[in-house]
Amino acid sequence: VQAIIAANPGIDPNNVQIGQVICIPQAAPTPPCPNGFLYTIRPGDTLFLLSQRFNVSVQAIIAANPGIDPNNLQIGQVICIPRRCIVYCY
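Here it is in structure tokens:
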């Protein structure tokens, strides 16, 4: 909603009229995720719960998603879940 308000300066967001033309900004591009998979945030998700579900650390999820606010995940937000790195010793 804030992005729509910002894209339409001079329009009262509390008084939009039928037929009024407004600008709808494009969605942010999907983040690249070369070493993992994309996950869409659902209600109740936290980075801690996701780290447990996918067996990766919270720090690894944060590192794979520069700019993410771990305290303000949005439902529908797409993030990268890195694959767990497995090291084999011979």
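Take -10 as the starting number for the sequence shown in my numbering and just add one per residue.
We treat Cβ as the ideally placed atom computed from N, Cα and C, and that holds for glycine.
Only a predicted model underlies this, so the values are computations on that prediction, with no experimental measurement involved.
(1) With a CB to CB cut of under 7 Å and the five nearest residues on each side skipped, what residues in its chain are close to Ile57?
(2) May I ask you to report which of helix, strand or coil DSSP gives Gly25?
(3) Would you say Val47 and Ile70 are within 9 Å of each other, going by their C-beta atoms?
(4) Quick check on the DSSP output: the alpha helix (DSSP H) that includes Gln47 runs from which residue to which?
(5) Per DSSP, Pro2 is paired with what?
Result, derived from the coordinates:
(1) Ile51 and Ile68
(2) strand
(3) It is not a contact, given that the beta carbons lie outside the stated cut-off.
(4) In the sequence on display, residue 47 carries Val and not Gln. Counting along the chain, the alpha helix (DSSP H) containing Val47 begins and ends at Val47 to Ala53.
(5) DSSP, once it has assigned bridges, lists no residue as partnering Pro2.
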